[in-house]
Each structure stands twice: as structure tokens, then as C-alpha cells.
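Asks: This is the structure I have questions about; it appears just below.
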Amino acid sequence: MTTIALGYPDTILHEATAAAVARVLEANDAEVDFVCGSHADMVAQLKSGEIDMFVAGWFPDVDSALLGGDLIAMGQLYRPLYTICVPEAASSIASIADATTDVFAAEIVTPESMAAQVRNAVGAYGLTERGFTLNIRPDEEAFAYASGVVERGEAVLLPLPQPNFLFHDGRIVTLADPKGALGAEQIAQIVLSRAVRDALDSDMIDELDELTLGVKVISALDCAMRREGLTAEAAAEAWQRGRLLPR
């Protein structure tokens with residue numbers, strides 16, 4: 167039996183994605199050893215050959231420096247996108263620029279991983295001049311804050327990446343970004359070396375290359391782990407059995 171060391175950044179979202187990918191590997195008679203750590207550590211271990219696969223690189227922009235040499239990307243797991251959302255209150259970021267902080271809370275609590283994109287959007291739409299300010303927090307703190315805002319139905323701007331567990335509830339609206347200030351939609355892919363790819367069964371490689379999960383599935387997995395307390399493996403099994411999303 168082939169053993170595959172599958173690495174992922176130490177976040178719930180990436181853990182859920184890795185578990186879903188592992189279902190495909192295991193269905194092809196592979197044994198999966200999960201390895202997690204910081205994004206930088208996983209990239210270093212991938213390049214040194216300590217792990218066989220990395221889930222997931224965001225291309226073409228976020229992880230552009232990851233590819234090259236012996237490393238290649240495959241599959242289209244989902245399409246990540248940086249967004250600014252509200253609890254069902256507006257239609258576009260441009261419309262927010264015409265509003266004031268009398269309508270929306272002045273503070274925009276921003277996940278650390280989105281700081282650059284949100285700063286760009288704030289500048290592009292002149293939100294600072296309207297009185298809005300950024301409060302950059304660690305991702306998990308920002309997500310917890312956003313969850314509370316949604317529960318209370320407050321008029322607050324919420325920078326969130328898709329996929330994310332909060333999208334599974336369907337109680338937030340993604341604002342249009344006509345200027346593209348938050349950046350383009352990405353493609354989340356599996357990253358591995360050519361040597362590893364060439365050593366694996368061709369049917370397994372074909373399945374991985376055709377694997378498409380989608381943001382709805384990843385958001386549902388993320389939600390099941392956070393809200394229902396499922397392990398990543400249990401959430402992936404529930405998804406595979408059609409218990410997380412309607413078929």
C-alpha cells in the first residue's frame with residue numbers, strides 16, 4: 167500500500183480540505199499520513215520532500231512563488247475569493263462609500279490574512295474619508311467577531327475569505343467589488359513534485375486532477391467542524407455520504 171504524507175496549513179479550513187482530498191487517496195488504496203504546521207513550514211517540507219502533497223495552494227496570485235522547479239499544481243479544489251460582506255444590508259462596496267458611519271459601524275475588524283487586500287479596498291473606495299477604520303486581528307478572532315455580528319444582525323462590514331463557515335448559514339451578503347480592489351478569484355490546487363506524481367498510480371492522479379469540491383462544500387465542512395464539533399475526517403465522511411449538503 168502506498169503511503170502519502172499530506173501536508174496542510176494549521177487552520178480548520180485547510181484541515182477540512184485535506185480530509186476531503188484524503189477520501190480520494192484512500193479510495194485508491196493509499197494510506198494517508200496528515201502533517202500540519204504553519205504555511206511556511208509546510209512549503210519548506212514540500213520542497214525538501216518531507217511531505218508528498220500540499221493542500222492547498224491558491225493560484226495564480228496568493229501562492230505564485232510556490233510553483234517552479236520540480237513542483238506542480240493539479241486539480242481545482244475550489245475557487246477562493248476575498249470578500250467584504252454584511253448581514254443582508256447593502257449591494258456593493260461602492261454603495262458603502264456613499265454611506266456614513268452613522269449607518270455602519272466605523273470599525274472594520276479584518277482577518278490578518280486579508281489585511282493587504284482590505285487596505286487596498288478601503289483606499290480604492292475612499293472608506294477612510296468616510297470615517298471607517300481597520301482593526302487587524304488574528305483570523306480566528308476576526309471570524310469569532312464576525313459570527314457574533316451575524317447572530318446579532320448588526321450593520322457591520324465583515325471582510326471574509328470564501329470559503330468560510332459563515333457562508334454556509336446563508337445569512338450574509340457578499341458585496342460586489344466593481345473595482346476589483348480585493349483581488350481576483352483564485353484556484354485552490356494540490357501541489358506536489360513531478361517525481362511524486364510520476365510514482366503514483368495513473369488512475370489516482372487522474373481522479374485528483376479532476377477533483378472539484380467547491381466553496382459550498384468546503385464552507386459546509388468548515389461549519390460542521392466548528393458548529394457540530396466533528397473531526398475533519400468525520401465531516402469529510404458526512405459530506406461524502408450526502409449528509410452535509412443536499413445532492
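Take 167 as the starting number for the sequence shown in my numbering and just add one per residue.
The C-beta atom is built at its ideal place from N, Cα and C for all residues, glycine as well.
Quick caveat, the model's predicted, so the values are computed rather than measured.
1. What's the gap between the Cα of residue 344 and the Cα of residue 259?
2. Starting from residue 244, follow its DSSP beta bridges and name the residues at the other end.
3. Sort 270, 346, 379 and 218 by Cα distance to residue 408 and report the nearest one.
4. Out of curiosity, what's the CA-to-CA distance linking residue 401 and residue 394?
5. Return the chain-ordered ranges of every alpha helix (DSSP H) run that is complete within the stretch 276-333 and spans a minimum of 4 residues.
6. In the DSSP assignment, what residue or residues form a beta bridge with residue 183?
7. Applying the 10 Å Cβ sphere with the 16-neighbour rule, what's the burial state of residue 181?
8. Could you check the C-alpha separation between residue 334 and residue 368 for me, to the nearest Å?
9. Based on Cα-Cα distance, which residue from 376, 385, 384 and 391 lies nearest to residue 240?
10. Can you check whether the CB of residue 304 is closer than 8 Å to the CB of residue 320?
11. Can you tell which of 366, 391 and 348 has its C-alpha closest to the C-alpha of residue 250?
12. Using the three-state DSSP reduction, which class does residue 237 fall into: helix, strand or coil?
13. Taking all protein chains shown into account, do 16 or more other C-beta atoms lie within 10 angstroms of the C-beta of residue 337, making it buried, or fewer, making it exposed?
14. Whose C-alpha, out of 233, 225 and 237, is nearest the C-alpha of residue 244?
15. Check whether the stretch 182-193 touches the stretch 209-216, counting contact only when three or more Cβ pairs, one atom from each stretch, lie closer than 8 Å.
16. So what's residue 199 in DSSP terms, helix, strand or just coil?
17. Alpha carbon to alpha carbon, what distance is there between residue 310 and residue 386?
18. What is the residue span of the beta strand (DSSP E) that residue 379 lies within?
19. Within 10 Å of its beta-carbon, does residue 231 have 16 or more other beta-carbons around it, so buried, or fewer, so exposed?
20. Please state whether DSSP places residue 222 in a helix, a strand or coil.
21. Tell me, to the nearest whole angstrom, how far the beta carbon of residue 218 is from that of residue 171; I am working on the premise that it is less than 8 Å.
22. Buried or exposed, going by whether 16 or more other CB atoms sit within 10 Å of the CB of residue 294?
23. Would you give the residue range spanned by the alpha helix (DSSP H) that residue 400 belongs to?
24. Should residue 269 be labelled buried (16 or more other beta-carbon atoms within 10 Å of its own) or exposed?
Replies: Well, looking at it:
1. Each residue's alpha carbon lies about 8 Å from the other.
2. Looking at the DSSP assignment, residue 244 forms a beta bridge with 354.
3. If we check each option's Cα against that of residue 408, 379 comes out closest.
4. Looking at the two C-alpha atoms, the distance is approximately 9 Å.
5. The stretch 276-333 contains these whole alpha helix (DSSP H) runs: 281-290 and 305-318.
6. Per DSSP, none; premise fails for residue 183.
7. That one is buried.
8. Between the C-alpha atoms of residue 334 and residue 368 there is a straight-line separation of about 35 Å.
9. Looking at 376, 385, 384 and 391, the one whose alpha-carbon comes closest to that of residue 240 is 376.
10. Contact: no.
11. Out of 366, 391 and 348, 348 has the C-alpha closest to the C-alpha of residue 250.
12. Looking at residue 237 - three-state DSSP - the assignment turns out to be strand.
13. Burial check for residue 337: the Cβ neighbour count within 10 Å stays below 16, so the residue is exposed.
14. It is 225.
15. The stretch 182-193 makes no contact with the stretch 209-216; the number of CB pairs closer than 8 Å stays below 3.
16. Residue 199 falls in the strand class under three-state DSSP.
17. Each residue's Cα considered, the two are about 17 Å apart.
18. Neither: residue 379 is in no beta strand (DSSP E) and is coded neither H nor E.
19. Using a 10 angstroms sphere on the CB of residue 231, the tally of other CB atoms stays under 16, which defines it as exposed.
20. Strand, per DSSP.
21. Right, the Cβ-Cβ distance comes to about 5 Å (below 8 Å), so this counts as a contact.
22. Burial call: exposed.
23. Per DSSP, residue 400 belongs to the alpha helix (DSSP H) from 398-406.
24. Answer is exposed; the Cβ neighbour count stays below 16.
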